[in-house]
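Those protein sequence lines, which keep their order, are chains U and W. Here my numbering is used: the first residue of the first sequence is 1079, the next is one more, and so on. Here my numbering is used: the first residue of the second sequence is 135, the next is one more, and so on. We put the beta carbon where it would ideally sit given N, CA and C, even for glycine. Here the structure is a predicted model, which is why all the values come from computation and not from measurement. Just below is one structure, and these are the notes that go with it.
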Amino acid sequence: MTTHQTTQPRRRNWRNQLVPWLFMAPILALNVVIILGPSLASIYYAFTDWTGMGRARFIGLANFTRMIGDPVYRIALVNNLKWTAIFLTVPIFMGLLGAMLLAPIKRGQIFFRTAYFIPYVIASVVNAQIWRCILHPLKGIGPWLARQGIPWLNVAWFGRESTALYAIAFVDNWHWWGFLVVVYLAAMQAVDTQLYEAARLEGANRWQEFWYITLPSIRPTLVFTLLMTVIWSFLVFDYIYVLTEGGPAHASEVLATEVFNAAFGRFEAGYAAAVGLSMSLFCGIVIAIFVALRRRGWEI
Amino acid sequence: MIRRRSRRVRSLAPNYVILILLVVFSLGPLLVLLSNSLKSPGEVGRNPLGLPREGLAWRNYVEAWRQGDYAVTIRNSLIVSLSTIVGVCLISGLAAFALAKLNLPGADALTMYFLVGTSLPAQLFLVPLYFIWARLHLVDNLLGVIIIYWAVYSPFAAFLLRSYMVSIPSDFEDAARVDGASEWQVFSRIIVPLTWPGFLTAGLVVGLWAWNEFLFAVTFLHRPEVMTVTTSYYNFAGRYGRDWGLTSAAAIIMIFPVVALFLALQRRFIEGLTEGGLKT
């Protein structure tokens, strides 16, 4: 019994160290095989002329110098920035508007919430097809409006270089803004109602209530959605690939479609890895700025 | 003190007007899809946006089911989604238990690592992974994408489940441990039964993501026999793009299970998606 007592704590200590790691083992192993390992490999391949098959030859910074000089890369990067600007404004505004109008409503709130959320749960390929029909240059809403005497919307939205990116952003936003309504609504419902009562006694109007009470109260949620918007805007792929594959003439190309085309269309896996690495860099910079601002004491 | 009523009773009529316009914007296109799915090829050409006036072409659904090879692709998508749900719940449940309950050394650093990892682009690891998977014969193989979904979706589910698990008082587990239960028994007999709503939420969300997923599916599954509903529909819409009746019926077939399940369990979906959509 005495020997048992002396060995028991040590054995249990060793086991206590090991057991948590056994529970973590599957997620860690999967992460290493699928994400960490290939990501590190990508960093290596970014400095090679790898085609995806055979040997990779080290070529230094050639992929990166090519990237900087490549007009397609520049178009793609600028398109990602335009995308960021669009999604930092339009869906955020629509989300805040919808949530603000919905928050005081008791009758039918669930109905509205559900109606706005449904497009978000539908697959991108379907949403894209819906809008491809509605915005069709011969049979869609444009020609119909033209017959009613409003001709200026009768445009091949996805087929023209000047409109393709914005048309895709419109479709993506259509499925996205309702999600933000639900997120902001949840945040607004957590705001203390006494604040609003006090404001009304002071004679505040709707705008003042929104600006001085609602907005500061939901600021953590709002800032978080802004941060994620920036990150996702650098990753956008589905809607662009499905609707235009980056065309016409690269007019709606973004970094993610360029990686895809380079790797699987042109078999330039090394160059694709370099572009993918640059995407990660942009996301890393955004996260770093966010963390730095927070450390500086910004309440975000 | 008598509480004064607010001086003006604010009318909600303007709210309703704008909210209803937003509903039209949100659901209108889906109604167009539904009504187009019931138009014959002739009618959809004459009347592409209005309601069907020349009878309902239910045939579109039969045709779409056959031409779209839905017997195969729905089966594939079900295999992928269900395997993703089961795998992710198991993998993330174990991880969440370790993070929430087992004093894992370095738990904060690991959480941070997974948080950063989930916001990195798939394009960072996609290309080498494809060529590794090609060597392992996991391209054109449902298991190949299932494993990827396990890896990509588990961190989200682990965070979600951890938040459920930390709220369970440790008295329950401690009592079981005193009785000689192993940590596995604590996990499977106490923690899982107490946090099953979390597992349900996580499962619904990752099931939805797997059903709708496009990038990995289009990259890793090329042969028609292994295509999921999304990639198959993408090809189908390209091939039959002119026959809106057919493509719309095919779209309704693939979104119907999702929308029905969403409407039935929307509270869970919304909880999981708003949590997961923002924290991953």
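CA-CA distance, P132 of chain W and E307 of chain W?
Residue 132 of chain W lies beyond the range of chain W shown here (135 to 414); nothing can be said about it.
Cβ-based neighbour list, S304 of chain W, same chain, cut-off 8 Å, excluding 5 preceding and 5 following: K235
query: Could one say the Cβ of E188 of chain W lies closer than 7 Å to chain U's Cβ atoms, at least one of them?
result: no
Check: Three-state secondary structure (DSSP) at F1136 of chain U?
Finding: The three-state secondary structure of F1136 of chain U, taken from DSSP, is strand.
Can you tell me which of W:Y367, W:V392, W:P289 puts its alpha carbon nearest to the alpha carbon of A1107 of chain U? W:P289
- prompt: Are at least three pairs of beta-carbons, each pair with one atom in the segment 364–383 of chain W and one in the segment 220–231 of chain W, less than 8 Å apart?
  reply: The segment 364–383 of chain W, when compared against the segment 220–231 of chain W, does not touch it at the 8 Å Cβ threshold.
At the level of alpha carbons, what is the spacing between L407 of chain W and F1136 of chain U? 43 Å
(request) Thinking M1145 of chain U and S1356 of chain U are a contact (beta carbons under 8 Å), I'd like their distance in whole angstroms, please. (result) That belief holds up - the Cβ atoms of M1145 of chain U and S1356 of chain U are roughly 7 Å apart, short of 8 Å.
Q.
Less than 7 Å between C-beta atoms, sequence neighbours within five positions excluded: which residues of the same chain meet that for A1247 of chain U?
A. W1161, I1164
Are the C-beta of T1307 of chain U and some C-beta of chain W separated by less than 7 Å? no
Between the segment 1119–1145 of chain U and chain W, which residues of the former have CB atoms less than 7 Å from a CB of the latter, in chain order? Legend: CB atoms of the segment 1119–1145 of chain U lying less than 7 Å from CB atoms of chain W belong to residues A1119, S1120, Y1123, G1130.
Nearest chain U C-beta to T207 of chain W closer than 7 Å, yes or no? Chain U places no beta carbon closer than 7 Å to that of T207 of chain W, leaving this residue out of the contacts.
May I ask you to report which of helix, strand or coil DSSP gives T1126 of chain U? strand
Notebook entry, point to check: If you check the beta carbons only, do D1250 of chain U and Y1317 of chain U fall under 7 Å apart?
Noted result: yes
- Message: Please state the DSSP three-state secondary structure of F348 of chain W.
- Response: coil
* Partners in chain W for W1209 of chain U, counting only beta-carbon separations shorter than 9 Å -> P163
Assuming F259 of chain W and S1120 of chain U are in contact, meaning their beta carbons sit under 8 Å apart, how far apart are those beta carbons, in whole angstroms? 6 Å
Exercise for review: Can you tell me which of the three DSSP states E409 of chain W falls into?
Suggested key: Looking at E409 of chain W - three-state DSSP - the assignment turns out to be helix.
Checking 7 Å against the spacing of the C-beta atoms, do Y1349 of chain U and N1141 of chain U come in under that value? yes
task: Determine the extent of the alpha helix (DSSP H) in which F1342 of chain U is found, giving its start and end residues.
output: Neither: F1342 of chain U is in no alpha helix (DSSP H) and is coded neither H nor E.
**Asked** On the three-state DSSP scale, how would you describe T364 of chain W?
**Response** helix
Give the residues of chain W in contact with N1109 of chain U, contact being defined as C-beta atoms less than 9 Å apart.
-> Y247, F248, G251, A285, S288, P289
| request: Could you tell me whether any Cβ in chain W is nearer than 7 Å to the Cβ of L1179 of chain U? | output: So, interface residue.
ask   = Under 9 Å Cβ-Cβ, which residues of chain W neighbour K1036 of chain U?
value = There is no way to answer for residue 1036 of chain U, as the model of chain U reaches only from 1079 to 1378.
To the nearest angstrom, how far is it from the Cα of L1279 of chain U to the Cα of I152 of chain W? Using only the alpha carbons, I get a separation of about 26 Å.
Q1207 of chain U, DSSP secondary structure in three states: helix
message: For a test of the three-state rule: what should DSSP assign to Y374 of chain W, helix, strand or coil?
response: Judged by DSSP in its simplified three-state form, Y374 of chain W adopts coil rather than helix or strand.
Practice prompt. Give the residues from the segment 1342–1356 of chain U that approach chain W closer than 8 Å (Cβ to any Cβ), ordered along the chain.
Written response: F1342, A1347, A1350, A1351, V1353, G1354, L1355
message = Taking beta-carbon pairs under 9 Å, can you tell me which members of the segment 318–334 of chain W lie near chain U?
response = Residues of the segment 318–334 of chain W with a C-beta less than 9 Å from any C-beta of chain U: W318, F321, listed in chain order.
Against chain W, with Cβ distances strictly below 7 Å, would D1250 of chain U count as a contact? no
Open item on the list: Using a Cβ-Cβ distance cut-off of 7 Å, determine whether T1271 of chain U contacts chain W.
Closed with: no
Considering only the alpha carbon of each residue, which of W:V326, W:V339, W:K173, W:L168 lies closest to I387 of chain W? W:L168
If Y368 of chain W sits next to V1320 of chain U, beta carbons under 8 Å apart, how far is it from one beta carbon to the other, in whole angstroms?
For Y368 of chain W against V1320 of chain U, the beta-carbon gap comes to about 6 Å, under 8 Å, which counts as contact.
| field | K235 of chain W - containing alpha helix (DSSP H), residue span | value | It spans 204–235 - the alpha helix (DSSP H) in which K235 of chain W sits, taken as one unbroken run.
| Does any residue of chain W bring its CB to less than 7 Å from the CB of T1084 of chain U? | Reliability fails at T1084 of chain U, whose pLDDT of 43 lies under 50, so the model's placement of it is uncertain and no value is given.
Practice item. Could you pull out every residue in the same chain whose Cβ sits closer than 6 Å to the Cβ of F354 of chain W, ignoring the five residues on either side in sequence? Key: V273, G278, V279
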